[in-house]
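One line per chain: the protein sequences are U and Y, in this order. Residues in the first sequence are numbered from 1 upward in steps of one, following the working numbering. Residues in the second sequence are numbered from 1001 upward in steps of one, following the working numbering. Backbone N, C-alpha and C define an ideal beta-carbon position, used for all residues, glycine too. Here's the structure, in structure tokens; my notes come after.
Protein chains: 2
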Amino acid sequence: MKDTHSSINEQEQIHLDTDHICELVAVLLPVAEDIHSHNQTSLQTTEQKQALQELIAVLHDLHPADVATLLESLPLEERMLVWKLAAPAEDGEVLLEVSDPVRETLIENMEQRELLAAVDDLDADELAELAPDLPRQVVYEALSSRDEEERAQIAAAMSFEDDQVGALMDFELVSIRADVTCEVVLRYLRRFDRLPDHTDKIFVVDEEDVLQGVLPIRSLLVSDPESLVSDVMADDVVTFRPEDDVEEAAAAFERYDLVTAPVIDDNRKLIGRITIDEMVDVIREESETDMLNMAGLREEEDLFAPVVDSVKNRWIWLAVNLCTAFIASRVIGMFEHSIEKIVALATLMPIVAGIGGNSGNQTITMIVRAMTSGQISNSQAKRLLRKEEGVALVNGLIWGSVMGIVSYFLYHSIGIGLVMVAAMTLNLLLAATVGVLIPVLMQKAGRDPALGSSVLITAVTDSGGFFIFLGLATLFLL
Amino acid sequence: MKDTHSSINEQEQIHLDTDHICELVAVLLPVAEDIHSHNQTSLQTTEQKQALQELIAVLHDLHPADVATLLESLPLEERMLVWKLAAPAEDGEVLLEVSDPVRETLIENMEQRELLAAVDDLDADELAELAPDLPRQVVYEALSSRDEEERAQIAAAMSFEDDQVGALMDFELVSIRADVTCEVVLRYLRRFDRLPDHTDKIFVVDEEDVLQGVLPIRSLLVSDPESLVSDVMADDVVTFRPEDDVEEAAAAFERYDLVTAPVIDDNRKLIGRITIDEMVDVIREESETDMLNMAGLREEEDLFAPVVDSVKNRWIWLAVNLCTAFIASRVIGMFEHSIEKIVALATLMPIVAGIGGNSGNQTITMIVRAMTSGQISNSQAKRLLRKEEGVALVNGLIWGSVMGIVSYFLYHSIGIGLVMVAAMTLNLLLAATVGVLIPVLMQKAGRDPALGSSVLITAVTDSGGFFIFLGLATLFLL
């Protein structure tokens, strides 16, 4: 290490070494009971003592977000041991960071006293975020230790849905009047012990708290101290209402490169602000939800959830899939007579269905992605449909011919080869059409276009593929 | 509108109305040639004249990011018309915002003079980002108009891969020495016309430009003007190296709620900084790439790409799918004899394959998602496997029994019913096992676990499902 500038503590290098932590936990797991009951005298081996010391030290150095990731990646027993040993002062932060299902497991295993201590340091908006998951008695006691203003803020934040800006706003505001000089603002700021996180602008309000504009810190720093705030402030402000959709707000943050933005009510009164860190979480979750939804998972799942919980999270789409598979099976059933005569049909039909499903999934994924980034308007749907059908036609003719020739060599029947070409082309066209229509119609109906889209498109291309292939074969080969 | 505070221009309300713009474009498309050649006298109807005026006005008000989204959502001809009419001063910004394939279409249709004008206002790091897509002559001329320092910065930025921090860093730095007072810093800042975007901290360096720490603006504002920078600055700094992976950097931004961070070289010399807006783009792209990769799309596609380009983007995974479908077909071929005897097998086999595919996709999606957020370490893989197999066993027994009973009623054969239960359970177990193993092994091999995972798992559950079901039927029913 040639680093002579030891003044900089390389925080980046304290990264999460889950594997090492797991080893330590494995050593301690046999004595977990004793650790839980603070009866550490029973740690018999030196190995256990060392492991405990090291684990506590490692956990102490971790950022709450890292502790959260660690907890999510551990099975239940191990998770509880680590949770017990993690720095209690940061418990509230960690609870905010973990996913909902994991948070439940943690809260279930905490005593009321521990929970109260954990939420004690949280801001009003953070407490509001946790409150629905906390035992009622804990919420009650936590509220009673806050002042009137904070209680009102918590109540306000809790009155909004999870997907509304109001639920994510915080109340740490610095606001000033427009008729003072920058010098006065600087002096005013100096009276704070610390400014709220992410403060990149100060909100300019009138005596009724009505938003007049914002004073970016960047402008404040380069302005003449004698100039008035009203001359320096920006009045083209991106503002949000508490009932705005968080995903749209996140898109606006991304688009306009915002760090913070004011939240105002119908009378333009300043009531809170939202910050980029919350928006980054929204963006991350939005894409993840799309991915989970496409695969037919209802919601984020605790990796180590009990089997029963996982079954519950997944059964709906499995049931839907089973119904669609049953329909596909009945479609084949219609042609049992044909299959009896030419058993090769049973062998080839999954190829037709399979390529349709794959191609349809490509189309639908592309469309869903484009919709998420707001790129698809209704007038485009027809154009897109034509284009996707063009792609399907080309792919169908190319790959259909390949498989047609292969089938001909396998079964020495020109008829089977030609039916294969036709069926594959038609099923790819069907896949393209439905791959565009499903998300477009879902969106028109106000539903999430990603929801189970993969299961739906596969259903159509399976039943459709079997019907087209077996139907053509019955018409031309029997 | 009760809004009496007209001083605030509600920027949020100028949102993108693609449908309306498309209407305007449709009116103008017949005279697009004349508009391109600036021969606007030929606009015959008043409708056309009005549409042109309105379109120009609307485009002028749009943020470059909105123009980019608009361009991405338009077919080629319409896109070129809008591009021609968009505010040329912001052309460079728009080029930075659009996706790679769309950027190519735009650059292809610009004259050298227009391109030079577009990149003229860009910062060094932005020009470096565009350079690989620009004609060589344009890059050469653009470089020759920059000074020595900027040329060096551009060369540095271009020497890194797209997925390295060095490619995303910018060079707009404000740095100070540790031995001055906050008052001096404030006076120094006041000499800037404007501070770099997102400036939330000032970098503290020694005379060799070696990073000593950072002075958060928030601390600067609340400190006593007389105190020394060295007393106020933070020395536990999250730093990056230019060769760091951008996805890891983005995760660090998310975890530590950063807005900007310094990039340093091996000697801890400050060479640039990265900002949250770039990291948000990385996070968005990362999730999108996972989604596209899972579905077997090679890369982001221009929605209205020519059919040929789309075919190229999708053919590999279609070809892979065709091979796997062919293998599945050959597996069935092994049992043609059995199917000839009991044609019901052909009808029921897709159900076994289908539910395996669906369930396997649920598992693999969950694992890939957890890997992306760094939640899976090697020591967890075995535990996860056991859990997923537990879920599969429960689902297999439940849904297998349901379909077993249905099959019994359809074909009046207890044997078929029992084979169905067994085959579905076994195929779900296979799906769970492979759904965990594919991404774990991909990651161990240093590959992206999302890559074509959906195609792979479906391949296994199809061939496996057919083999298990037809094999069991041949053993026990014939």
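Answer with yes or no whether the minimum CB distance from U:Ser401 to chain Y is below 9 angstroms. no
Who are the Cβ neighbours of Y:Thr1474 in its own chain at under 7 angstroms, not counting the five residues just before and after it? Phe1335, Ser1338
Residue burial classification, U:Thr4 (beta-carbon count within 10 angstroms, cutoff 16): Any reading at U:Thr4 must be qualified, since the residue scores a pLDDT of 35, below 50, and its modelled position is unreliable; the value itself is stated next. The residue is exposed, with fewer than 16 neighbouring Cβ atoms inside 10 Å.
The alpha helix (DSSP H) with Y:Arg1284 in it runs from where to where? 1276–1295
Between the beta-carbon of U:Ile434 and the beta-carbon of U:Gly360, is there less than 9 angstroms? The sequence shown places Val at residue 434 of chain U, not Ile. Result yes, Cβ atoms of U:Val434 and U:Gly360 sit closer than 9 angstroms.
Ignoring anything shorter than 3 residues, give me the beta strand (DSSP E) runs that lie fully in the region 245–278 of chain U, in order along the chain. 260–264, 270–275
Report all residues from its chain with a CB closer than 7 angstroms to the CB of Y:Ala1086; omit the five preceding and five following residues, and keep chain order. Leu1059, Val1067, Val1094
Work out the CA separation of Y:Ala1344 and Y:Val1455 for me, nearest whole Å. 27 angstroms
Taking the alpha-carbon of U:Asp120 as reference, which of U:Val139, U:Val102, U:Pro132 has the nearest alpha-carbon? U:Val139
Should the region 1349–1365 of chain Y be regarded as contacting the region 1418–1429 of chain Y, the criterion being three or more beta carbon pairs within less than 8 angstroms? yes
Chain-ordered neighbours of U:Val455 on chain Y, where CB pairs are closer than 7 angstroms: Asn1358
Give every residue of the same chain whose Cβ lies closer than 6 angstroms to the Cβ of U:Asn395, excluding the five residues on either side of it in the sequence, and list them in chain order. Leu428
Distance between beta carbons of Y:Gln1153 and Y:Ala1131, contact taken as under 8 angstroms: So it is not a contact: roughly 12 angstroms between Cβ atoms.
Going by the CB atoms, is the gap between Y:Ala1128 and Y:Ala1157 shorter than 9 angstroms? yes
Y:His1412 versus U:Ile342: straight-line alpha-carbon distance, rounded: 24 angstroms
Y:Val1483: which of Y:Phe1253, Y:Ile1274, Y:Glu1254 sits nearest, CA to CA? One cannot answer for residue 1483 of chain Y here, as it falls past the ends of chain Y, which runs 1001 to 1478.
Who are the neighbours of Y:His1198 on chain U, taking C-beta pairs under 7 angstroms? Val259
Return the residue from the list U:Glu97, U:Ala89, U:Gln53, U:Lys49 that minimises the CA-CA distance to U:Leu71. U:Glu97
Quick check: what's the CA-CA separation for Y:Pro1225 versus U:Glu226? 18 angstroms
If contacts are defined as beta-carbon pairs under 8 angstroms, then Y:Ser1175 and Y:Phe1203 qualify, I think. What distance do you get, rounded to the angstrom? 4 angstroms
Taking a cut of 9 angstroms between CB atoms, which residues from the region 1179–1197 of chain Y lie near chain U? Leu1186, Leu1189, Arg1190, Arg1191, Phe1192, Asp1193, Arg1194, Leu1195, Pro1196, Asp1197
Beta-carbon spacing of U:Ser73, Y:Ile1376 below 9 angstroms: yes
Any beta carbon from chain U within less than 9 angstroms of Y:His1060's own beta carbon? no
For the alpha helix (DSSP H) that contains U:Phe467, what are its first and last residues? 453–477
Closer than 7 angstroms, Cβ to any Cβ of chain U: which residues of the region 1254–1284 of chain Y, in chain order? Glu1254, Arg1255, Tyr1256, Asp1257, Val1259, Arg1268, Ile1276, Asp1277, Val1280, Ile1283, Arg1284
Quick one: which residues of the region 217–231 of chain U get their C-beta closer than 7 angstroms to a C-beta of chain Y? List them in chain order. Ile217, Arg218, Leu221, Val222
Taking 9 angstroms as the CB-CB limit, is U:Val311 close to chain Y? yes
Which residues, in chain order, does the region 85–106 of chain U contribute to contact with chain Y at a C-beta distance below 8 angstroms? none
Taking a contact to mean a Cβ-Cβ separation below 9 angstroms, would you say U:Asp266 touches U:Asp163 in this structure? no
Any beta-carbon of chain U closer than 9 angstroms to the one on Y:Glu1012? Bear in mind that a pLDDT of 44 at Y:Glu1012, under 50, signals an unreliable position, so the number given afterwards is only what the model happens to contain. So yes, Y:Glu1012 belongs to the interface.
Chain C residues whose Cβ lies nearer than 7 angstroms to that of U:Pro449: In the structure shown, chain C does not exist; the protein chains are U and Y.
Taking 9 angstroms as the CB-CB cut-off, is U:Trp83 touching chain Y? no
Runs of 3 residues minimum, wholly inside the region 151–233 of chain U: which ones carry the beta strand (DSSP E) assignment? 201–205, 211–216
Can you name the start and end residues of the alpha helix (DSSP H) that Y:Asp1091 belongs to? 1091–1097
Beta carbon proximity, U:Met291 to chain Y, threshold 9 angstroms: yes
Close Cβ partners of Y:Ser1310 (< 8 angstroms) along its chain, the five nearest in sequence each way excluded: Glu1301
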